[in-house]
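Engineer: Structure below; questions to follow.
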Amino acid sequence: MKPVLEALQLARSFGGVRAVTGLSFAVQPGEILGLIGPNGAGKTTVVNLISGMVKPSSGRVLLDGVDVTGLPPHRLAWMGLVRTFQSTTVFGGCTVLENARRGAFRSAHSGWLSELFGMPKARRLHESTDRLAMELLDQLALTDVADQIAGGLPYGKQKALGIAIALAARPHIILLDEPVAGLSSEEASLVRDMLTKVRNAGITVMVIDHNMRFIAGLCDRVVVVHHGQELAQGSPEVVLADPRVVEAYLGGSHAQQYQGR
Amino acid sequence: MFNAATIWQVVVNGASLSAIYVLVALGFTLLFGIMRVVNFAHGAFAMLGGYALYYFWGRFGVPYVIAVPLAAAFVALVALIAEGLVFRWFYQRMFESMIALLGLNLALVYSAVMIWDVSERSIPPAFSGLIEVGGLLLPKDRLMVICIAVVVLVSFWVFMTRTRQGLAMRATAQDLEIAETQGINTSVTYRIAFLIAIFMTALAGALYAQIYSLSPFMGDRPLMVAFVVVILGGMGSIPGAALGGVILGFTESFLATFYGASVSSFVSFGVVIALLIVRPWGLLGTPDGARA
Amino acid sequence: MTLVMRIAGACLVVLAAALPFIDKDGFGVTVGTIIALNMIGATSLHLIIRTGHVSLAHAGFMGIGGYVATLTLMRLGWPFPLNLLAGAIAPACLSLLIGPLLLRLQGKYFVLVTFMLGEILRLAFLQWSSLTGGANGIFGVPAPGPMFSSQAGFYWLALGSSLLCIAIVARMLTGNMGRIIDSVRDSERLAQCAGIPVLQVKVAAFVLATGLVGIQGGLTAHYLQYIDPGAFTSVQSLSFVVMNVIGGMRSLFGPIIGATFMTILPELLRGYVEMQHVIFGLILIAVMAAMPGGVVDAVNRARQFLSRRTRGGNLDSNLARVEARQ
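Residue numbers (this note's numbering), protein chains in the order written: chain A, 1 to 261; chain B, 1001 to 1292; chain C, 2001 to 2326.
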């Protein structure tokens, strides 16, 4: 089976700093892949590289077998790749429902001309988008706050809304940048369940986070990044037992904690 | 055209222009770097410095070397009123400060028109003639400008690097919250920064008015210069303001002497726009997500 | 917009159209013409502001429109309204060229570049005297055709153009187009990831806005029957920005109110030109200190305050908090 997303020998330097060097991995359809690594390992750069926010110095990115290296994020979104952000999770200035509608731009867009002239095709698409937005809020337990201004929501709900915005674009692969950073373990479990449901609905998921327990409990496979390079790849148990990974994370106690789920 | 005498003239003019420009730009950059305020009224304070010199030196006969800094200090102290009434509402509020200070500029400039009328005046020259230095003939007045400016700039540098207050100002510019938690009294720091900034601007204005002429609208040019220099050097960067001022001063002197004033303006603006597109954080600034 | 607001709006338009009949000495019509013209600039700039960028070059583009309209009429013999159309297309072409470069820049850098750009344009108008007449400008610009040569006739032309411009901008800011623009302003990153071509949206708004203000330039040249670089300074660009800031930058009503206020104010303070400027400056300071969201925002907050007393709801306080954040 063709991988949904493939990174081939990705490299990126900033000035003299080699943030990412020769990183390769593939995300198989229907799997949940985790990308972990200690702070400063280059994870954020990797996410930015595969989501089109930053152009690689060398290497390629393939989406469904198509070379998308260097394409800007909005083109990738139209090709089915969407991501969330660690900061700026939501559109702070409008309601939760409006946030979901904005995320659904792809579904609502019938072409610039028909938008401008308010053609019936546009109007029908808008109505179905509204329904899509409401459904998404429902799935993410946000219906009760649908009319609240997103900027005023508690942190956990903002993170959930961030996922809703990404899902509204009807992606077939979603990249999540630190989706549970700053969340309590109950909230993190909720996110884990949500993402499992997302995968079961047929969307491939890639998660980047620090939280070992979360990653180990959610992902089918894990890629460990350190010093901008791949350190290990495999199932969570195997990877977390790898002595090199343990060493990279300062001390063996961490790996022992997460051996069993 | 390119003979030695003209070249020397260009160099001396360039140096005196640079001195004035660096002073103006430093004041502007202090206000932006420390208080995040875009001082659209900067030119107006330069203009007031010019009028103050006109009175201290031109009317009251205070000795020139004292009159210049005295005029600048006077304007800086009086400007504290503006600080308390206007500036302090807009610290750390960049966009609102732009519009509000634009309003202050209007108020100051047109008050000056009401007080002094629109006509241009000239400040009586302090020194005329040439002095011979190492076989070269240099105009005394430009040399004086350079000397005064150098003294002020060196004092400023010493202040910023050797005193506690200077250190406090640099800390506040880098990170306001951390500076506050370190016990730095930000309102005192702001006020000192304000005084220094206006002092330098008024000083520059006094020197500028001496070289060119004095009118309520003379501040427009220094304001433009401040923008250009600060963009060149990097907004909020003090060494950048110094570098930018020197580059602009010498470039303008060269271009204006050989190609005329309008070519000089076009080139300066063109270079600035190109720089903003290619390297918006200036020569010595830091890229802070300046480009999408 | 509620039905009440629509009816009120329609009444205002009818009243405005009837002005030449009501106003006997022609003074109201003069002021009305200038308000209508200024509204074109203010509302077109508003479109740019809604994408998250403040342009200080707007008067420069107005100047391009004015000179092109004048020159195509007087030198090439193009009839009205063709010359006006040329005056709209010319600045739009320039912004199509440089927009993709400029609009990548972050907020404060964009402001500075457009400030410089405005100055370069003004210098160009001044220096290119073979084309523009230099500092003296071009005199004897004929009236735009027999229909619009009377005071009332031109007023209706200006009013009609202004309403058309407002309608175009309004169309861009409502419905899904408005949603797209608001997404871009609120968070470019998120908008990109939703599939919105952010740079293209900003460029489109910029091109449209500069085209519209080019029309104001052409119309003004016809109105004053001359054109000179003095009208296209950074002061004029700043006026357009101030119209938006005073009225409110979050809603199209803002520039409409702002343009009216800024045109009427000098009339109210007639006589003392310098005092006018001083007072205006002080008003700017006060407005930015007390109600940075402009008149529209102040009105909204007042409405919320009143309704909160009757409802005591959570939504309003959230709304107030967010709107105060700007």
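Glycine is no exception: its CB is placed at the ideal position from the N, C-alpha and C atoms.
Verify whether the separation of the beta carbon atoms of C/Phe2240 and C/Gly2041 is less than 9 Å.
Structural biologist: Taking the third sequence and counting its residues from 1, the one referred to as residue 2240 of chain C is at position 240. Taking the third sequence and counting its residues from 1, the one referred to as residue 2041 of chain C is at position 41. Their beta carbons are under 9 Å apart, which means C/Phe2240 touches C/Gly2041 by this criterion.
Engineer: From the DSSP output, in three-state form, read off B/Thr1163 for me.
Structural biologist: Mapped onto the second sequence, residue 1163 of chain B falls at position 163. Coil at B/Thr1163, not helix or strand.
Engineer: Give the secondary structure of A/Met206 by DSSP, where H, G and I count as helix, E and B as strand, and everything else as coil.
Structural biologist: If you number the first sequence from 1, residue 206 of chain A lands on position 206. In the structure shown, A/Met206 adopts extended strand secondary structure according to DSSP, grouped into three states.
Engineer: For B/Ala1293 and B/Val1024, what's the separation of their Cα atoms in angstroms?
Structural biologist: Since the displayed chain B opens at 1001 and closes at 1292, residue 1293 of chain B lies outside it and no answer follows.
Engineer: Check whether chain A comes within 9 Å of C/Ser2187, counting only Cβ atoms and requiring the distance to be less than that.
Structural biologist: In the third sequence, the residue the question calls residue 2187 of chain C occupies position 187. So, interface residue.
Engineer: Could you give the C-beta distance for B/Phe1090 and B/Val1037, rounded to a whole number, given that I count them as a contact under 8 Å?
Structural biologist: For the purposes of this step, residue 1090 of chain B is identified with residue 90 of the second sequence, where counting begins at 1. For the purposes of this step, residue 1037 of chain B is identified with residue 37 of the second sequence, where counting begins at 1. Between B/Val1037 and B/Phe1090 the Cβ distance is about 6 Å, and since that is below 8 Å, they are a contact.
Engineer: Quick one, which of B/Asp1141, B/Ala1004 and B/Phe1266 has its alpha-carbon nearest B/Thr1251's?
Structural biologist: Taking the second sequence and counting its residues from 1, the one referred to as residue 1251 of chain B is at position 251. The shortest C-alpha separation from B/Thr1251 is found at B/Phe1266.
Engineer: Would you kindly work out how many angstroms separate the C-alpha atoms of A/Ser13 and B/Val1078, rounded to a whole number?
Structural biologist: As a working mapping, residue 13 of chain A is identified with position 13 in the first sequence. As a working mapping, residue 1078 of chain B is identified with position 78 in the second sequence. Roughly 52 Å between the two C-alpha positions.
Engineer: Does the beta carbon of B/Met1114 sit closer than 9 Å to a beta carbon anywhere in chain C?
Structural biologist: Counting from one through the second sequence, the residue named residue 1114 of chain B turns up at place 114. So, interface residue.
Engineer: Any chance you could list the alpha helix (DSSP H) runs of at least 4 consecutive residues sitting entirely within the stretch 42-101 of chain A, in chain order?
Structural biologist: 43-50 and 73-78
Engineer: List the residues that DSSP assigns as beta-bridge partners of B/Arg1121.
Structural biologist: Working through the second sequence from its first residue, we reach residue 1121 of chain B at position 121. According to DSSP, which records beta bridges pairwise, B/Arg1121 is partnered with B/Leu1214.
Engineer: Assuming contact is defined by CB atoms lying nearer than 9 Å, are B/Asn1029 and B/Gly1233 in contact in what I supplied?
Structural biologist: Sequence index remark: in the second sequence, residue 1029 of chain B carries index 29 (1-based). Sequence index remark: in the second sequence, residue 1233 of chain B carries index 233 (1-based). The amino acid occupying residue 1029 of chain B in the given sequence is Thr; Asn does not appear at that position. In this structure, B/Gly1233 lies closer than 9 Å to B/Thr1029 by Cβ.
Engineer: Is it a yes or a no for the stretch 2275-2283 of chain C touching the stretch 1106-1125 of chain B, going by three-plus beta-carbon pairs under 8 Å?
Structural biologist: yes
Engineer: Which bits of chain C does A/Gly111 rub up against, with CB to CB less than 9 Å?
Structural biologist: Numbered from its first residue, the first sequence carries residue 111 of chain A at position 111. Near A/Gly111 there are no residues of chain C at all, since even the closest Cβ is about 11 Å away, more than 9 Å.
Engineer: Return yes when the Cβ of C/Ser2183 is within less than 9 Å of the Cβ of A/Phe91, no when it is not.
Structural biologist: As a position in the first sequence, residue 91 of chain A is number 91, starting the count at 1. As a position in the third sequence, residue 2183 of chain C is number 183, starting the count at 1. Closer than 9 Å, so yes.
Engineer: Less than 8 Å separating the Cβ of B/Ala1005 from some heavy atom of the ligand HEM?
Structural biologist: As for the ligand HEM, it is missing from this structure, which has no ligand bound.
Engineer: Report the rounded CA-to-CA distance for C/Val2014 versus A/Arg83, giving the unit in angstroms.
Structural biologist: Position 14 of the third sequence, counting from 1, holds the residue named residue 2014 of chain C. Position 83 of the first sequence, counting from 1, holds the residue named residue 83 of chain A. Taking the straight line from one Cα to the other gives about 50 Å.
Engineer: Whose CA, out of A/Ser24, A/Glu247 and A/Lys2, lies closest to the CA of A/Ala11?
Structural biologist: One-based indexing of the first sequence puts residue 11 of chain A at position 11. Looking at the Cα atoms, A/Ser24 is the closest of the given residues.
Engineer: Please list the residues of the stretch 1265-1280 of chain B that have a C-beta atom closer than 8 Å to any C-beta atom in chain C, keeping them in chain order.
Structural biologist: Ser1265, Phe1266, Phe1269, Gly1270, Val1272, Ile1273, Leu1276, Ile1277 and Pro1280
Engineer: Could you work out which residues of chain C lie near A/His172, taking near to mean beta carbons separated by less than 9 Å?
Structural biologist: As a position in the first sequence, residue 172 of chain A is number 172, starting the count at 1. What A/His172 touches in chain C: nothing, since even the nearest Cβ is about 13 Å away.
Engineer: Output needed for A/Gly251: all residues of its chain with C-beta closer than 8 Å, excluding positions within five of it in sequence on either side, in chain order.
Structural biologist: Looking up residue 251 of chain A in the first sequence gives position 251. Here A/Gly251 scores only 49 on pLDDT, less than 50, and its place in the model is too uncertain to base an answer on.
Engineer: What does a CB cutoff of less than 6 Å around C/Phe2253 pick up in its chain, not counting 5 residues either side in sequence?
Structural biologist: Walking along the third sequence from the start, residue 2253 of chain C turns up at place 253. Same-chain partners within the cutoff: Val2296.
Engineer: Hey, which unbroken runs of the beta strand (DSSP E) at 3 residues or more fall wholly within the stretch 150-197 of chain A?
Structural biologist: 173-177
Engineer: Distance check for B/Ala1067 and C/Val2198, CA to CA, integer angstroms please.
Structural biologist: By 1-based counting over the third sequence, the position of residue 2198 of chain C is 198. By 1-based counting over the second sequence, the position of residue 1067 of chain B is 67. For C/Val2198 and B/Ala1067, the distance between alpha carbons rounds to 56 Å.
Engineer: Ignoring anything shorter than 3 residues, give me the beta strand (DSSP E) runs that lie fully in the stretch 1012-1093 of chain B, in order along the chain.
Structural biologist: none
Engineer: What span of residues does the beta strand (DSSP E) with A/Gln229 cover, start to end?
Structural biologist: Translated into positions along the first sequence, residue 229 of chain A becomes position 229. Residues Gln229 to Gly234.
Engineer: Note the first and the last residue of the continuous beta strand (DSSP E) segment covering A/Thr21.
Structural biologist: Reading the first sequence from its first residue, position 21 is the one you call residue 21 of chain A. First-last of the beta strand (DSSP E) with A/Thr21: Val17 to Val27.
Engineer: Straight-line CA distance for A/Arg75 to C/Ala2204?
Structural biologist: Here residue 75 of chain A is taken as the residue at index 75 of the first sequence, counted from 1. Here residue 2204 of chain C is taken as the residue at index 204 of the third sequence, counted from 1. Each residue's Cα considered, the two are about 18 Å apart.
Engineer: Can at least three beta-carbon pairs, one atom from the stretch 2210-2225 of chain C and one from the stretch 2148-2165 of chain C, be found at a separation below 8 Å?
Structural biologist: yes
Engineer: When you check each C-beta in the stretch 2189-2206 of chain C against every C-beta of chain A, which residues fall closer than 7 Å?
Structural biologist: Arg2189, Leu2190, Gln2192, Cys2193, Ala2194, Gly2195, Ile2196, Pro2197 and Val2198
Engineer: Do B/Met1200 and B/Gly1014 have their CB atoms nearer than 9 Å?
Structural biologist: Position 200 of the second sequence, counting from 1, holds the residue named residue 1200 of chain B. Position 14 of the second sequence, counting from 1, holds the residue named residue 1014 of chain B. Going by C-beta atoms, B/Met1200 is not nearer than 9 Å to B/Gly1014.
Engineer: Please confirm whether C/Gly2107 has its beta-carbon closer than 9 Å to some beta-carbon of chain B.
Structural biologist: The residue given as residue 2107 of chain C occupies position 107 in the third sequence. Chain B contact via Cβ: present.
Engineer: Does chain C have any CB closer than 9 Å to the CB of A/Thr69?
Structural biologist: Reading the first sequence from its first residue, position 69 is the one you call residue 69 of chain A. Not an interface residue.
Engineer: Which same chain residues, not among the five before or five after B/Lys1140, have their C-beta less than 8 Å away from its C-beta?
Structural biologist: Residue 1140 of chain B sits at position 140 when you count from the first residue of the second sequence. Once the five neighbours on either side are set aside, the close Cβ partners of B/Lys1140 are Phe1127, Ser1128, Gly1129, Leu1130 and Ile1131.
Engineer: Suppose contacts are defined by Cβ-Cβ distances below 9 Å. Is C/Thr2114 in contact with C/Ala2057 by that definition?
Structural biologist: Stepping through the third sequence from its first residue, residue 2114 of chain C is reached at position 114. Stepping through the third sequence from its first residue, residue 2057 of chain C is reached at position 57. Taking 9 Å as the Cβ cut-off, C/Thr2114 and C/Ala2057 qualify as a contacting pair.
Engineer: Start and end of the beta strand (DSSP E) containing A/Arg12?
Structural biologist: For the purposes of this step, residue 12 of chain A is taken as the residue at position 12 of the first sequence. Residues Leu5 to Phe14.
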